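Participant:
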Amino acid sequence: MKFDIVTIFPAMFERPLAEGVIGRAVERGTVDLKVRDLRDFTTDRHRVVDDVPYGGGPGMVLKAEPIFRALDAIEAERGCPAAVILTSPQGIRFTQAEAQRLSRLPHIVLLCGRYEGVDERVRERVTEELSIGDYILSGGELPALVIVDAVARYVPGVVGDERSVAEDSFTRGLLDFPQYTRPAVVELRKAGSADPAAVDITRLAVPDVLLSGNHAEIRRWRKRQAISRTLARRPDLLADAVLDDEERQILRELQDGGDDGRD
Ligand code: SAH
Numbered sequence: 000m001k002f003d004i005v006t007i008f009p010a011m012f013e014r015p016l017a018e019g020v021i022g023r024a025v026e027r028g029t030v031d032l033k034v035r036d037l038r039d040f041t042t043d044r045h046r047v048v049d050d051v052p053y054g055g056g057p058g059m060v061l062k063a064e065p066i067f068r069a070l071d072a073i074e075a076e077r078g079c080p081a082a083v084i085l086t087s088p089q090g091i092r093f094t095q096a097e098a099q100r101l102s103r104l105p106h107i108v109l110l111c112g113r114y115e116g117v118d119e120r121v122r123e124r125v126t127e128e129l130s131i132g133d134y135i136l137s138g139g140e141l142p143a144l145v146i147v148d149a150v151a152r153y154v155p156g157v158v159g160d161e162r163s164v165a166e167d168s169f170t171r172g173l174l175d176f177p178q179y180t181r182p183a184v185v186e187l188r189k190a191g192s193a194d195p196a197a198v199d200i201t202r203l204a205v206p207d208v209l210l211s212g213n214h215a216e217i218r219r220w221r222k223r224q225a226i227s228r229t230l231a232r233r234p235d236l237l238a239d240a241v242l243d244d245e246e247r248q249i250l251r252e253l254q255d256g257g258d259d260g261r262d
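Take a look at the structure:
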């Protein structure tokens, strides 16, 4: 899958895209990603990418023409992209479902705004606007990184074990079940409230079922945990969740039992 990112801060992408599963995918070429410096598409000596807003007011606006030229260059070099995405707090909300949809496209361009945003006419060449949440960041670079990371996880070969993508929170509309790793018991030390020198030690054990070796029971326990957590923390997700018969049964039991979902 191809990504092109247009930014005035290309250095912001260097380390984040060099680490972990995304770093490996970029290195191997499973994800073919190019970061373009918007200043390379200016024509003046000072490589100006921004200007004051027409009509007055604070701040600066990214100019349309360098962005158009960057898009022309990307198209000439890599073909017409399937999507040109403007990162924008005014866009539709980026979700796991959006990530999955975008992962099926062969080539995506991401435009990173800065300052007060981009000249409105840039939207003529944008196919969609995506927001990563209801807050304002100083630029589109972090949103672009968020989008690339979440989308690339769905590209075959990026995450080693595809089951882990399938089981992640949100993939099916359920939060993930709790995970434990060795050792089987860890000690939690808390300073005593009365005597600061005294230390309370609590031994925290892994739930027995996970040590039982009984795979059917483990599977059922995990389903129950995932559903009870979703019910407690994000009941809104259950409306669209894709549940199998066993999960629907567990959900009914939890709802009937008035379980608060904490365990
Ligand atoms: N004045 C603009 C915000 C500009 S923030 C407005 O109110 O709409 C500068 C740039 O940061 C934006 O152009 C966009 O590219 C990026 N950005 C900021 N917050 C974002 C968010 N929540 N999601 C996606 N991009 C965001």
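Throughout the sequence shown, residue numbering follows numbering that gives the first Met the number 0, covering 0 to 262 in sequence.
Every residue, glycine too, gets a C-beta built ideally from N, C-alpha and C.
Predicted model only: the values in this text are computed from it and were never measured.
Would the beta-carbon of alanine 81 fall within 7 Å of that of proline 52?
Facilitator: It is not a contact, given that the beta carbons lie outside the stated cut-off.
Participant: Tell me whether leucine 16 counts as near ligand 1, meaning its Cβ is closer than 6 Å to at least one heavy atom of that ligand.
Facilitator: The answer is no for leucine 16.
Participant: Which value, in whole angstroms, describes the spacing of the CA atoms of glutamate 252 and arginine 219?
Facilitator: Rounded to the nearest angstrom, the two C-alpha atoms are 13 Å apart.
Participant: For glycine 139, count the other beta carbons within 10 Å of its own beta carbon; 16 or more makes it buried, fewer makes it exposed. Which is it?
Facilitator: Buried, because 16 or more other Cβ atoms sit within 10 Å of the Cβ of glycine 139.
Participant: With distances taken from CA atoms, which of Glu119, Glu123, Gly172, Val20 is nearest alanine 238?
Facilitator: The residue with the shortest Cα to Cα distance from alanine 238 is Gly172.
Participant: Let me check understanding here. Comparing Cα to Cα, which of Pro65, Val34, Val145 lies closest to arginine 120?
Facilitator: It is Pro65.
Participant: List in chain order: all unbroken beta strand (DSSP E) runs of 3+ residues lying wholly within the region 25-57.
Facilitator: Whole beta strand (DSSP E) segments, 3+ residues: 31-36.
Participant: Out of curiosity, what's the CA-to-CA distance linking threonine 6 and aspartate 255?
Facilitator: When rounded, the distance between both Cα atoms is 53 Å.
Participant: Between glutamate 115 and ligand 1, is there a pair consisting of the residue's CB and a ligand heavy atom that are separated by less than 6 Å?
Facilitator: At least one heavy atom of ligand 1 is nearer than 6 Å to the Cβ of glutamate 115, so yes.
Participant: Just to confirm the assignment, what range does the alpha helix (DSSP H) spanning arginine 68 have?
Facilitator: Residues 63-77.
Participant: Relative to the C-alpha of arginine 77, which residue among Glu97, Leu141, Arg44, Lys33 is closest?
Facilitator: The shortest C-alpha separation from arginine 77 is found at Lys33.
Participant: Work out the CA separation of serine 227 and arginine 181 for me, nearest whole Å.
Facilitator: Each residue's alpha carbon lies about 24 Å from the other.
Participant: Can you tell me whether isoleucine 131 is helix, strand or coil according to DSSP?
Facilitator: Reduced to three states, the DSSP call for isoleucine 131 is coil.
Participant: Alpha carbon to alpha carbon, what distance is there between leucine 110 and tyrosine 179?
Facilitator: About 40 Å.
Participant: For glycine 260, which of helix, strand or coil comes out of DSSP?
Facilitator: Because glycine 260 sits at a pLDDT of 46, beneath the cut-off of 50, its placement in the model cannot be relied upon, and the point is left open.
Participant: Express the C-alpha separation of serine 163 and valine 20 in angstroms, rounding to a whole number.
Facilitator: Cα to Cα, the separation comes out at about 13 Å.
Participant: Could you give the C-beta distance for phenylalanine 176 and alanine 215, rounded to a whole number, given that I count them as a contact under 8 Å?
Facilitator: 15 Å between Cβ atoms; not a contact.
Participant: Looking at C-alpha atoms only, which residue of Met59, Gly112, Leu61 is the closest neighbour of isoleucine 4?
Facilitator: Looking at the Cα atoms, Gly112 is the closest of the given residues.
Participant: Is leucine 101 helix, strand or coil when you go by DSSP?
Facilitator: Correct three-state label for leucine 101: helix.
Participant: I want to check one thing, is the minimum distance from the CB of proline 88 to the heavy atoms of ligand 1 below 6 Å?
Facilitator: Yes, since a heavy atom of ligand 1 falls inside the 6 Å radius drawn around the Cβ of proline 88.
Participant: Quick check on DSSP: helix, strand or coil for serine 211?
Facilitator: Serine 211 falls in the coil class under three-state DSSP.
Participant: Say whether the region 12-30 touches the region 42-52, bearing in mind that this needs 3 or more beta-carbon pairs closer than 8 Å, one atom from each stretch.
Facilitator: Because the criterion of three Cβ pairs below 8 Å is not met, the region 12-30 and the region 42-52 do not touch.
Participant: Quick test of your reading: leucine 61 and tyrosine 114, contact by CB under 8 Å. State the CB separation rounded to the nearest angstrom.
Facilitator: Going by Cβ atoms, the distance from leucine 61 to tyrosine 114 rounds to 7 Å, so yes, they are a contact pair.
Participant: Figure out for me which residue from Leu242, Gly212, Ala63, Gly159 has the closest Cα to the Cα of arginine 223.
Facilitator: Among Leu242, Gly212, Ala63, Gly159, the Cα nearest to that of arginine 223 is on Leu242.
Participant: Among all the DSSP beta bridges, which residues are the ones paired with valine 60?
Facilitator: Answer is Asp50.
Participant: Whole angstroms is fine: what's the gap from threonine 86's alpha carbon to threonine 170's?
Facilitator: Computed Cα separation, rounded: 23 Å.
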